[in-house]
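Visitor:
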Amino acid sequence: MNGNRVKSFIWLILVIFVFLLPVIVRQDDYILHVGITIAFNIAMATSLWFLWSLGYVSFAHAGFMGIGAYTSALLFLRLGWSLWATMWIGAALAGIIACVVSIPLMRTKAVYFFMASWAVGEVIKMMFALKYFRWFTGGWDGLFDILPPKLSILGLYIDFSSRVAYYYLAIMFAVAIVFIIYRLNRSRIGTILWSIHESEALAEHAGIHLLRYKVLTFTVVCFFAGLTGALYAHYHTFISPRTFDIWVSEFTLVHVIVGGLATVAGPVAGATVLTILDELLRPLGFYRVVIFGVILILTVLFLPEGLESIPGRIRSLIRRVLKQERRFREDATT
Amino acid sequence: MPLLEIRNVSKYFGGLEAVSNLDFAVDQGEIRGLIGPNGAGKTTLFNMISGVYRPTSGRVVFKGKDITQLKPHAVAKMGLVRTFQATILFKNFSVLKNLVAGYHLHSKVNFWGALFNTPATVKKERDIEKKAMEILEFMRLSKYKDELALNLPHGHQRALGISIALAAEPKLLMLDEPVTGMNPEETTEMMGLINKIRDRGITVLLIEHDMKAVMGLCERITVLNFGKKLAEGPPEEIRKNKDVIEAYLGGE
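If you want it as structure tokens, here you go:
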């Protein structure tokens, strides 16, 4: 109980820090930009991790992010609808496509699923780039001028082209997604998903409809990816098929693995630390990718439970040192 | 009306005939043994009943309903639950959580309840845990409830496998070699438990190679050989049956 309370306390402090960040950094545009990027990466990594609780890893995650982004951007550019409506439509479309695609896709397992989801991601990307639809989706050149929305509510007028405003928007959605996934994971649904992860045969004989839960989870996860995509598009104001390349899925996966796979803290920690690291290493240009590879390998070798296991490791280290010291003192007295 | 009927069931794997034209019925409330030499088709039959395989021909009828085409989760929902020959558990779950997962069929998922952790959901989870504890108590596993399943000794792991099946509250429990790899004391204890499971009103169909256990537990035994029914009857009869002795020991 006490440990739980400490944990909630730490989370609370983190959330307060995150909400006060614009004040702390005096609205520094660059740092807020990094904050927004972290928020997007957390949303992506956490949703990908939720799929992992089933035992699956999807390389189509960036593709579904793209569906949300393109839908939202096109509705804005062609019809002039605002983000407040288009983001939900984009997310829903990503969810619907995910639902349809996952019915055949989820009949495959392990490596075959990686390959199949990879193909799905590539096909989605190529659809955006299709020459035939160039007049509509912009082909490889992408879409421009996807402006952030404005909001006037309760006499308050907020223009989201301001970094601070968009920072709060992105953070709000990231926190909401993390919270929803955290709760679902702690509930019966989480138990069902992890039991499928542990043993499909046993789960099925306990009466769990495997395909239904797999499709449902994939749909939810891709809905969140689509939502993130819509927010991403209206922040960067420019998207192209390359924005939703397989690399994005892979980096998201690296965030999850480096962060840790056991709890929702893993993807949050992984996305935060690696995004900051990515920014610090920006001068290295292309070599960043190499460093990320090295980090991934080192994590798997030396920290297999990921960054989230560090507090526990420190705690047990302190306990061990204290014990040794006590023994040392006892030896000294006798 | 028998609880479970196997009507003229055959299963071919390519040209290999694993089970052929098999007919038998299990009555409500009995402990039925299914024995036979290796490769006789016992586990194949279990897989067909529980929905893992479709029979090539024939029908499986449970509680008067045709379940031949049903998938495992649907078969489980009907009240027909099995355990596995290999020790299959949710290995990284605590013992209690294994049971909670096993309770899936009797606990509705409520999305909004899960999201906001409503008092109703919390209460429901408590009730499930209480029921799970009753089963653990019954299977004498309650003191290991917080232990990870993979850390249990073999005998307890087998018992946990049966507990998970019991959590689904079956009408018919199919046990695939429940006492395999157990020492004599564990075997005796497990036999007692299986008897007690039957006394709770659950019909038991079990595959077992340990003859002492089968003869001691079952009212009736069905013997399979090369996918065909060789004999059926009470243990005393089976023990004296010439065909059965021949199948096991070989001979002219």
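If you're matching them up, the sequences are chains A and B in order. Each number in this note's numbering corresponds to the 1-based position in the first sequence with 2 added. Each number in this note's numbering corresponds to the 1-based position in the second sequence with 6 added. Beta carbons: idealized from backbone N, C-alpha and C, even for Gly.
How big is the Cα-Cα spacing for F90(B) and I91(A)?
Guide: 46 Å
Visitor: Please report the Cβ distance between S16(B) and G64(B), rounded to the nearest whole angstrom; I am assuming they are in contact, meaning their Cβ atoms lie under 8 Å.
Guide: 6 Å
Visitor: Whose C-alpha, out of V58(B), T62(B), V229(B), is nearest the C-alpha of N14(B)?
Guide: Answer by Cα proximity: T62(B).
Visitor: How long is the line joining the alpha carbons of Y18(B) and N231(B), rounded to whole angstroms?
Guide: Using only the alpha carbons, I get a separation of about 15 Å.
Visitor: Which two residues bound the contiguous beta strand (DSSP E) that contains G239(B)?
Guide: 234-239
Visitor: When Cβ atoms are compared, which residues of the stretch 186-209 of chain A fall closer than 9 Å to chain B?
Guide: L186, R188, S189, R190, I191, G192, T193, I194, W196, S197, H199, E200, S201, A203, L204, A205, E206, H207, A208, G209
Visitor: Is it right to say V25(A) is buried, meaning 16 or more other beta carbons lie within 10 angstroms of its own, or is it exposed?
Guide: Answer is exposed; the Cβ neighbour count stays below 16.
Visitor: Roughly how many angstroms separate the alpha carbons of Y237(A) and S163(A), rounded to a whole number?
Guide: 8 Å
Visitor: Count the C-beta pairs between the stretch 212-228 of chain B and the stretch 246-266 of chain A that are closer than 8 Å, then say yes if the count reaches three, no if not.
Guide: no
Visitor: So is A219(B) buried or exposed if we call it buried at 16+ other beta carbons inside 10 Å?
Guide: buried
Visitor: With a cut-off of 8 Å, do at least 3 Cβ pairs link the stretch 306-313 of chain A to the stretch 262-269 of chain A?
Guide: Between the stretch 306-313 of chain A and the stretch 262-269 of chain A, the count of Cβ pairs shorter than 8 Å is three or higher; the stretches touch.
Visitor: Where L76(A) and Y150(B) are concerned, what is the direct C-alpha to C-alpha distance, given to the nearest angstrom?
Guide: So the alpha carbons of these two residues sit roughly 58 Å apart.
Visitor: Kindly list, in the order they appear in chain B, the residues whose Cβ is closer than 9 Å to that of I182(A).
Guide: L121
Visitor: L171(A): which of G70(A), W86(A), M128(A), R328(A) sits nearest, CA to CA?
Guide: W86(A)
Visitor: For L213(A), collect the residues of the same chain with a Cβ closer than 7 Å to its Cβ; drop the 5 residues on either side in sequence, then sort them by chain order.
Guide: M108
Visitor: Counting only Cβ pairs nearer than 8 Å, list the residues of chain A close to I94(B).
Guide: Those within 8 Å of I94(B) in chain A are S201, A203, L204.
Visitor: Using C-beta distances below 7 Å, list every residue in its chain close to P176(B), excluding the 5 sequence neighbours before and after it, in chain order.
Guide: G85, L86, V87, I208
Visitor: Would you say L229(A) and G70(A) are within 8 Å of each other, going by their C-beta atoms?
Guide: Yes, the pair counts as a contact, with Cβ atoms nearer than the cut-off.
Visitor: Under three-state DSSP, which class holds S56(B)?
Guide: helix
Visitor: Out of curiosity, what's the CA-to-CA distance linking R290(A) and R284(A)?
Guide: 7 Å
Visitor: Identify which residue in L23(A), S49(A), Y169(A) has its Cα closest to the Cα of Y184(A).
Guide: S49(A)
Visitor: Helix, strand or coil for N231(B)? Go by DSSP, reduced to three states.
Guide: strand
Visitor: Residues of chain B with CB under 7 Å from H211(A), in chain order?
Guide: Against chain B, a Cβ distance below 7 Å from H211(A) picks out H79.
Visitor: Assuming S104(A) contacts T221(A) (C-beta within less than 8 Å), just tell me the rounded distance between them.
Guide: 7 Å
Visitor: Round the Cβ separation of I210(A) and H110(B) to the nearest angstrom and send it over; I've been treating them as touching at under 8 Å.
Guide: 5 Å
Visitor: If you follow the alpha helix (DSSP H) that R28(A) is in, where does it begin and where does it stop?
Guide: R28(A) -> no alpha helix (DSSP H), and no H or E assigned at all.
Visitor: In this structure, what does DSSP give as the bridge partners for I41(B)?
Guide: V229(B)
Visitor: Quick one: what does DSSP say K9(A) is sitting in, helix, strand or coil?
Guide: Looking at K9(A) - three-state DSSP - the assignment turns out to be helix.
Visitor: Please confirm whether I170(B) has its beta-carbon closer than 8 Å to some beta-carbon of chain A.
Guide: yes
Visitor: What does a CB cutoff of less than 6 Å around E258(B) pick up in its chain, not counting 5 residues either side in sequence?
Guide: Caution applies to E258(B), whose pLDDT of 49 falls short of 50 and renders its modelled position unreliable; the value that the coordinates give is listed next. So the list is empty, once near-sequence residues are dropped.
Visitor: Examine chain A for any beta-carbon lying closer than 8 Å to the beta-carbon of S56(B), and answer yes or no.
Guide: It does; some Cβ of chain A falls within 8 Å.
Visitor: Going along the chain, which residues of its own chain have a beta-carbon closer than 7 Å to the beta-carbon of S26(B), five neighbours each way excluded?
Guide: S16, G233, K234
Visitor: Roughly how many angstroms separate the alpha carbons of L76(B) and S119(A), rounded to a whole number?
Guide: In this structure, the straight-line span from the alpha carbon of L76(B) to that of S119(A) is close to 29 Å.
Visitor: Can you list, in chain order, the residues of its chain whose CB lies under 8 Å from that of I278(A), leaving out five sequence neighbours each side?
Guide: So the list reads V36, I40, once near-sequence residues are dropped.
Visitor: Given this structure, state the Cα-to-Cα distance separating D147(A) from M128(A), to the nearest angstrom.
Guide: 22 Å
Visitor: Report the three-state DSSP secondary structure of S2(A) (helix, strand or coil).
Guide: Missing from the structure shown is residue 2(A); chain A here goes from 3 to 336 and no further.
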